[in-house]
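Here's the structure we're looking at; comments come further down.
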Amino acid sequence: MATKTTTSVTHYHVQKSRRKKFVEDWRANWRTIVTVEDAPLVETERGSRVGVYVGADGDRQTRTMDALVHEIDPGVTTTVHRHSWDAMVLVVGGQGWFEIDGEHIDVGPGDSVHLPCWAWHRTGVAAEGTAPLRYMTFSSEPMLETMGMSVLEDAGHAEFSTLPPRPPVSEPVEGDDPYARRQRRIARQQGERRSGRLHTSWDDLELLNTPRGTRTTFLLDKAIGYQASGITMAMFEIGPGRRQSMHRHPGEAWLYVLEGTGHSYEGTEPEGGTDYPWKKGDLIVVDHFLWHQHFNDDPDNTAKVVRIHMFDSLLETMRVLCDPLVLFEEPPDHIRDEQAGDVSTIEWPALERPSWP
Ligand SMILES: [Fe+2]
Ligand SMILES: [Fe+2]
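Each residue of the sequence shown is one higher than the one before, starting from 6 at the first, in our numbering.
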């Protein structure tokens with residue numbers, strides 16, 4: 006017998022209330038500074054201690070990237086694992102090593118490492134080490150989770166040679182039909198994606214001056230050979246008492262404070278917002294299209310901050326999906342002129358590796 010379900014609630018109403026709740030939840034999630042104290046370290050079965058600055062496992066929801074801190078004691082090696090997302094590593098203290106698909110990479114404070122998707126990796130510290138290795142990771146796991154594509158596989162302490170390789174990719178084939186073209190396109194892309202750069206040593210960094218009292222360098226970006234999911238890391242050094250210029254753009258964008266103390270202006274308008282203080286180890290969160298500007302409050306020392314955002318994939322996509330909406334804005338002229346401030350030359354100190362604590 007045929008049945009028919011009737012309901013007085015239309016698709017339109019269900020969708021409307023669901024969408025409203027979704028945005029309300031997100032607005033309740035407004036963050037400015039996540040301090041180092043907000044991310045306490047917890048022992049894990051991997052052998053490391055992990056703290057969550059931003060991420061579902063620390064009950065701080067996020068849509069595109071997460072931010073975690075890890076510590077590993079001398080003599081400890083973590084389990085080996087791989088996952089469908091990739092992660093950017095920023096070492097902030099201690100000495101140690103990463104093994105990525107069998108390749109051994111020694112690291113120290115200020116170094117950056119890329120953990121590509123599906124690459125087996127583990128981390129360790131020599132037994133004679135004197136301090137824990139401490140590093141931040143910024144991963145694309147939340148972005149993949151929104152599409153139902155988060156996959157994690159832990160293989161305990163297995164040797165790399167006994168582990169299965171990355172998912173195989175079909176060889177490119179001849180032909181001009183759409184399927185042949187797709188196979189060739191994907192084979193070519195994976196060839197590139199699987200041979201990107203993995204490591205930037207602090208010792209190789211060269212900072213370039215900008216006109217406004219900062220100097221900057223890429224840490225992990227396609228401009229210097231990385232093949233990541235679109236997350237990029239760059240470091241800014243802000244001169245004593247200097248500031249970055251104000252602007253706004255879509256989130257999620259973060260600044261990890263590597264060295265120094267200062268504050269950030271964040272507001273729904275370029276004036277009348279709030280100043281939030283920060284210090285070494287804190288994560289400055291810029292989201293909800295807030296106007297923002299970062300200030301080094303120390304009159305004698307520079308501040309070093311590492312900027313992380315998912316520009317090369319998600320934000321580029323948003324730019325074209327939202328066109329002609331403007332997604333990067335500078336404040337009105339009178340505010341910009343007033344901010345020009347001191348443009349005198351800065352005597353930059355020698356670049357020394359960061360340390361923790
Ligand atoms: Fe991992
Ligand atoms: Fe910004």
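Where a beta carbon is used, it is the ideal one built from N, C-alpha and C, also for glycine. Since we're looking at a predicted model, the values are computed, not measured.
Pair within 8 Å by beta-carbon distance, residue i and residue j
{"i": "F103", "j": "I236", "result": "no"}
{"i": "P336", "j": "M238", "result": "no"}
{"i": "T205", "j": "G129", "result": "no"}
{"i": "L73", "j": "G60", "result": "yes"}
{"i": "L212", "j": "R202", "result": "no"}
{"i": "L260", "j": "I229", "result": "no"}
{"i": "A185", "j": "V174", "result": "no"}
{"i": "M154", "j": "S89", "result": "yes"}
{"i": "V55", "j": "T49", "result": "yes"}
{"i": "S318", "j": "H299", "result": "no"}
{"i": "A308", "j": "I243", "result": "yes"}
{"i": "D303", "j": "G265", "result": "yes"}
{"i": "D91", "j": "P121", "result": "yes"}
For residue j and residue i, believed in contact at Cβ under 8 Å, the rounded distance
{"i": "E257", "j": "R68", "result": "7 Å"}
{"i": "W296", "j": "G272", "result": "5 Å"}
{"i": "R1", "j": "P177", "result": "In the structure as shown, the chain starts at 6 and stops at 362, and residue 1 therefore has no counterpart that could be examined."}
{"i": "P359", "j": "L263", "result": "5 Å"}
{"i": "M93", "j": "I351", "result": "Actually they do not touch by this definition, with Cβ atoms about 28 Å apart."}
{"i": "D287", "j": "I38", "result": "5 Å"}
{"i": "R87", "j": "E158", "result": "6 Å"}
{"i": "A163", "j": "V85", "result": "6 Å"}
{"i": "G98", "j": "A136", "result": "7 Å"}
{"i": "W125", "j": "L168", "result": "5 Å"}
Contacts around residue i, its chain only, beta-carbon distance under 8 Å, and the 5 residues preceding and following it disregarded
{"i": "L332", "result": "H254, P255, L320, M323 and R324"}
{"i": "P172", "result": "W123"}
{"i": "T222", "result": "L210, E211, L212, L213, A239 and M240"}
{"i": "E197", "result": "Q232"}
{"i": "D43", "result": "Y58"}
{"i": "P45", "result": "G56"}
Any non-hydrogen atom of ligand 3 closer than 7 Å to residue i Cβ
{"i": "H75", "result": "Absent from the structure shown: ligand 3. Ligands present: ligand 1 and ligand 2."}
Cut-off 6 Å between Cβ atoms - residues of its own chain near residue i, not counting five sequence neighbours on either side
{"i": "G80", "result": "A132"}
{"i": "G113", "result": "Q100"}
{"i": "P362", "result": "none"}
{"i": "M148", "result": "T69"}
{"i": "V96", "result": "V112, P114, D116 and Y140"}
{"i": "I340", "result": "P275"}
{"i": "R65", "result": "V59"}
Three-state secondary structure (DSSP) of residue i
{"i": "I340", "result": "helix"}
{"i": "Q20", "result": "helix"}
{"i": "F333", "result": "coil"}
{"i": "Q298", "result": "strand"}
{"i": "M148", "result": "helix"}
{"i": "P282", "result": "strand"}
{"i": "E167", "result": "The amino acid at residue 167 is misidentified as Glu; the sequence shows Thr. Three-state DSSP puts T167 in a helix."}
{"i": "W207", "result": "helix"}
{"i": "W259", "result": "strand"}
{"i": "L73", "result": "strand"}
{"i": "E29", "result": "helix"}
{"i": "S318", "result": "helix"}
{"i": "L138", "result": "strand"}
{"i": "L212", "result": "coil"}
{"i": "E42", "result": "helix"}
Proximal residues to residue i (C-beta, below 7 Å), its chain only, five neighbours per side dropped
{"i": "F316", "result": "G235 and T237"}
{"i": "G107", "result": "F165"}
- request: Kindly provide the chain-ordered list of residues whose Cβ lies closer than 6 Å to any non-hydrogen atom of ligand 1.
  value: Having a Cβ closer than 6 Å to some heavy atom of ligand 1 are H86, H88, A92, L120 and H126.
query: Going along the chain, which residues put their C-beta within less than 7 Å of some heavy atom in ligand 2?
result: Any residue whose Cβ sits closer than 7 Å to a heavy atom of ligand 2 makes the list: H252, H254, A258, V291 and H297.
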